[in-house]
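Using full-length UniProt numbering, the letters of the sequence shown map in sequence onto residues 1 to 195.
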Amino acid sequence: MIYRYLAKHKSKRYIDSLQDLVKSYNATPHRSLNNIAPRDVNANNAANLWAYMYLRHDKRRKRQHIKSIKKRKKAIRRTLYKYKKNQLVRIAHQRRPFQRVYNEQWSYEVFKIYTRFQIQGFSMFKLVDLQEKKILGNFYTSELQPVNKSEDALWEIEKIIKKRKRNKKVQYFVKWLGYSERFNSWIDESDVKNL
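#1: Would you list the one or two residues that DSSP bridges to H30?
#2: Looking only at its own chain, which residues have a Cβ that is under 8 angstroms from the Cβ of S32, when we skip the five neighbours before and after it?
#3: Taking the alpha carbon of E181 as the point to measure from, which residue in I157, Q118, N35 has its own alpha carbon closest?
#4: Between Q171 and R90, is the Cβ-Cβ spacing less than 9 angstroms?
#5: If you reduce the DSSP assignment to three classes, tell me which class E132 lands in.
#6: Below 8 angstroms on the Cβ atoms is my contact criterion, and I expect Q118 with L80 to pass it. Report the Cβ-Cβ distance as a whole number of Å.
#7: Name the DSSP bridge partner or partners of R116?
#8: With Y5 and S17 assumed to form a contact (beta carbons below 8 angstroms), what rounded beta-carbon distance in angstroms separates them?
#9: Going by DSSP, which residues form a beta bridge with Y140?
#10: Excluding five sequence neighbours on each side, which residues of the same chain lie with their C-beta closer than 7 angstroms to the C-beta of I135?
#11: Classify V174 as buried or exposed, calling it buried when 16 or more other Cβ atoms lie within 10 Å of its own Cβ.
#12: DSSP puts V170 in a beta bridge; with which residues?
#13: Just the C-alpha distance for H65 and K71, rounded to the nearest angstrom, thanks.
#14: Where does L55 land, buried or exposed, given buried means 16+ other C-beta within 10 angstroms?
#15: On the DSSP bridge list, what partners appear for A92?
#16: Please report the distance separating the alpha-carbon of A153 from that of K23.
#17: What number of angstroms, rounded off, separates the C-alpha of S190 from the C-alpha of Y108?
#18: Which of helix, strand or coil does DSSP assign to S17?
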C-alpha cells in the first residue's frame, strides 16, 4: 500500500500521508478476518474472529481448496502461452539479497514479444524493444509483466535536452524516462503535456 503511494506520487516521503494510509488499510476487508475490515472488529465479534483465524479447520474448505488447485493445474496445462505475440511487457529486475520490496521490481522500459516457444514444457519468449531491436536472451513467463498501454499513449519525459523551431513550430529534443539515449527524439511542443 505504501509502495503504491510512493510510485503514484513519485516521491520517497510518505510520513505526511501516513494517517490516511493507515485509515485506508484499516477500512479494507481482510481475508484472514473472514472479509471483515479491522476497524469493524469489536468486543462482540473478536472471539468469533479469533476462532475463525486460529481454530477453524473445516474439511469441506480443504476439499474445495484441493479441487481449485486441480482446476488451476488443468487450466495451466491447457493454456500454453500467457502472453500473445506483439503484446507489450516489462522485464523483471535482477533481485539482490536484502533488496527492499518497495524498490522498482520491473523495468521502466517496455518491450514487445516477437516470438514464443516451448523448452521442456516451459513457455519462453523472445523480445524486441520499441525500435524493433532484438533483446538478447529468452524470458520465462514469470520474468514478464503485461503492460496495458499502446505505443501511441503518453510516455513520461525525464528531461528536455534541446529546443528548436522548425516551420514556425517549437520542438523539444527529449530523453524518455527509463529509456537509453538511443530513444531520444524530437517532438512538437503541442505533444508535451504537463502532468
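Built from N, CA and C at the ideal position, the CB exists for glycine as well. In this text, all values refer to a predicted model and were calculated from it rather than measured experimentally.
Inspection of the coordinates gives the following:
#1: I36
#2: M53
#3: I157
#4: no
#5: Three-state result, E132: coil.
#6: 7 angstroms
#7: F125
#8: 6 angstroms
#9: M124
#10: F111, L127, V128, D129
#11: buried
#12: K165
#13: CA-to-CA, the gap between H65 and K71 works out to about 10 angstroms.
#14: With fewer than 16 other CB atoms across the displayed protein chains lying within 10 angstroms of its CB, L55 is exposed.
#15: W106
#16: 34 angstroms
#17: C-alpha of S190 to C-alpha of Y108: approximately 24 angstroms in a straight line.
#18: helix
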